[in-house]
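Sequential numbering of the sequence shown, starting at 46, is according to the numbering used here. The beta carbon of each residue, even a glycine, is placed where N, CA and C say it ideally should be. Because the structure is a prediction, the values reported are computed rather than measured. Everything below concerns the one structure shown next.
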Amino acid sequence: MQDIHIIDRVSEEHLWDQVLNRHAGADFLYAVTTMGVFCRPACPSPRPLRKNVRFFQSPSEAEAAGFRACKRCDPKGERARIAQAVVRDASDFIESSEEIPPLDTLAKRSGYSRFHFLRMFRDHTGLTPRGYAEAVRARRLHDALADGGRVVDAVAEAGFGSESRVYEKTATLLGMTPGAARRGGVGEHIRTAFADCPFGRLLVGATEKGVCFIGFAEPEEALMGDLRRRFPKATIATDDAGLAATVRAVVDFLREPKQALDLPLDLRGTAFQQRVWRTLCSIPVGETRTYAQLAEMAGNPRAIRAVARSCATNPVSLAVPCHRVIGSDGGLTGYRWGVPRKKALLEQERALATAVGG
């Protein structure tokens, strides 16, 4: 029987290679005649024999040929849509609750078992329900402090039992002391320096703890605007002389990235973001990792989306090398400073690594 789908038979061996390699970005489906199911190329099921495989362009074509959707890889996305709705409802419930809802309450609300709900929530958010609720409270605290209210009132409004608990978790919750958050950066002094680099203008910002911002390839006003959005009330002053060595290190890295850019850093983010950023720093010069690999390295293999968001919010590009993360299909995906620059950085690093290794 001839397949009803329209796929050039000359290309079928190429499609089969993508099935064998579990190509996550492939835009076709394959069906297994002996099983009666159709799957995505990235399906984790054991690979079938080539003679038992047929290729289709869409779920409707595969179903018209008599195949049913695989329950493991969910090629029609039905289970994924249900899971997204469940997680969205749970997230909204957490957001509207004054206290952290117990896991059993959330699971019962979802209609799933405790274990199934926990796994579903973690897969879609990169956090446990409690971790998500803690992040919500941290955001409430940050917003209340940014409004200028007293710390004790902001702590109460955010749902924390006492100020001591907030101060114990300062780095995890805010990345700064509650007083500094309340003042919107008032009292903090950030030194800055501009320079020319291979990609245009470069801006480095640093606090007394270390470098808090590295941006490049944009006009000076855009780079400075990005920095000011992160520290809206901080005192920002030019210090070309004081940051000369730091700027020189960044420029030298851009010109010849032989080794990691080792600088003292002042990174402010959630515990999860901090973990992802630390993991990024472990990727060797000249090598890349996929978002899935990075999630596994960070200790949460299913938190791929959350890992991608952490990469996107990285404030110190180059020092925390998010340009070394690529899509599962090898694509460069997005990059805060432009995909062409990401490509140039990776090509330069690979060339230098090859030269050194050779």
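{"Asked": "For the putative contact between Ala107 and Phe83, defined by C-beta atoms under 8 Å, what is the C-beta separation to the nearest angstrom?", "Found": "4 Å"}
{"Asked": "Classify Arg99: buried if its beta carbon has 16 or more other beta carbons within 10 angstroms, exposed otherwise.", "Found": "buried"}
{"Asked": "Considering Val98, what are the terminal residues of the beta strand (DSSP E) in which it resides?", "Found": "98-101"}
{"Asked": "Excluding the 5 residues preceding and the 5 following Met269 in the sequence, name in chain order all residues of the same chain whose CB lies nearer than 6 Å to its CB.", "Found": "none"}
{"Asked": "Nearest by alpha-carbon distance to Trp322: which of Leu312, Pro329, Arg395 is it?", "Found": "Leu312"}
{"Asked": "Should Glu140 be labelled buried (16 or more other beta-carbon atoms within 10 Å of its own) or exposed?", "Found": "exposed"}
{"Asked": "Within 10 angstroms of the Cβ of Val211, are there 16 or more other Cβ atoms? Answer buried if so, exposed if not.", "Found": "The predicted position of Val211 is uncertain, since its pLDDT is 45 and thus under 50; no value can be drawn from it."}
{"Asked": "Got a sec? Which residues, its chain only, sit under 8 Å from Ser90 by beta carbon, not counting five neighbours each side?", "Found": "Cys84, Cys115, Arg117, Cys118"}
{"Asked": "Output yes or no for whether 9 Å exceeds the beta carbon distance between Phe162 and Ala178.", "Found": "no"}
{"Asked": "Considering just the uninterrupted stretch of the beta strand (DSSP E) at Thr291, what are its terminal residues?", "Found": "From DSSP, Thr291 is part of no beta strand (DSSP E) but of the alpha helix (DSSP H) over 289-300."}
{"Asked": "Hey, Leu44 and Pro243 are a contact pair by Cβ (cut 8 Å); roughly how many whole angstroms apart?", "Found": "Outside the displayed range of the chain (46 to 403) lies residue 44, so it cannot be described from this structure."}
{"Asked": "For Leu247 versus Val296, is the C-beta spacing smaller than 9 Å?", "Found": "yes"}
{"Asked": "Tyr380 to Ala364, Cα distance in whole Å?", "Found": "15 Å"}
{"Asked": "Kindly indicate which residue of Glu265, Pro264, Thr283, Ala262 has the alpha-carbon position closest to the one of Ile235.", "Found": "Thr283"}
{"Asked": "Between the C-alpha atoms of Gln63 and Arg92, what's the straight-line distance to the nearest angstrom?", "Found": "11 Å"}
{"Asked": "In whole angstroms, what separates the C-alpha of Pro360 from that of Trp61?", "Found": "41 Å"}
{"Asked": "Rounded to a whole number of angstroms, what is the C-alpha to C-alpha distance between Leu325 and Arg369?", "Found": "8 Å"}
{"Asked": "Under a Cβ-count criterion, where at least 16 other Cβ atoms within 10 Å of its own Cβ denotes burial, should Ala279 be classed as buried or exposed?", "Found": "buried"}
{"Asked": "Would Glu394 be called buried (16 or more neighbouring beta carbons within 10 Å of its own) or exposed?", "Found": "buried"}
{"Asked": "Can you list, in chain order, the residues of its chain whose CB lies under 7 Å from that of Val77, leaving out five sequence neighbours each side?", "Found": "Pro93, Asn97, Val98"}
{"Asked": "Could you tell me the boundaries of the beta strand (DSSP E) in which Thr237 lies?", "Found": "234-242"}
{"Asked": "If you measure from the CB of Ala337, is any heavy atom of the ligand PLP nearer than 8 Å?", "Found": "Although the ligand PLP was asked about, the structure shown includes no ligands whatsoever."}
{"Asked": "For Cys367, does the three-state DSSP call read helix, strand or coil?", "Found": "helix"}
{"Asked": "Would you identify the three-state DSSP class for Ile281, choosing helix, strand or coil?", "Found": "strand"}
{"Asked": "Does the distance from the C-beta atom of Val307 to that of Ala238 stay below 9 Å?", "Found": "Looking at the sequence provided, one finds Asp at residue 307 rather than Val. For Asp307 and Ala238, no; Cβs fall outside 9 Å."}
{"Asked": "Taking the straight line between their C-alpha atoms, what separation do you get for Ala289 and Gly250?", "Found": "12 Å"}
{"Asked": "Do Tyr336 and Gly372 have their CB atoms nearer than 9 Å?", "Found": "yes"}
{"Asked": "Are Arg386 and Ala262 close, meaning C-beta to C-beta below 9 Å?", "Found": "yes"}
{"Asked": "Need the endpoints of the beta strand (DSSP E) that Ala76 sits in, please.", "Found": "74-77"}
{"Asked": "Determine the direct distance from the alpha carbon of Ile259 to that of Leu272, and round the result to whole angstroms.", "Found": "9 Å"}
{"Asked": "Compare the Cα-Cα distances from Ala135 to each of Glu332, Arg124, Pro120, Arg175 and report the closest residue.", "Found": "Arg175"}
{"Asked": "With a threshold of 8 Å on Cβ separation, who are the neighbours of Asp149 within its own chain once the five nearest residues in sequence on each side are excluded?", "Found": "Arg159"}
{"Asked": "I need the straight-line Cα distance from Pro86 to Tyr75, nearest angstrom please.", "Found": "7 Å"}
{"Asked": "Mark Leu218 as exposed unless 16 or more other C-beta atoms lie within 10 angstroms of its C-beta, in which case mark it buried.", "Found": "With a pLDDT of only 46 at Leu218, under 50, the local geometry of the prediction cannot be trusted, and the value read off the model is given with reservation. That one is buried."}
{"Asked": "According to DSSP, is Thr173 helix, strand or coil?", "Found": "coil"}
{"Asked": "For Gly156, is the classification buried or exposed, using 16 other Cβ atoms within 10 angstroms of its Cβ as the cut-off for buried?", "Found": "exposed"}
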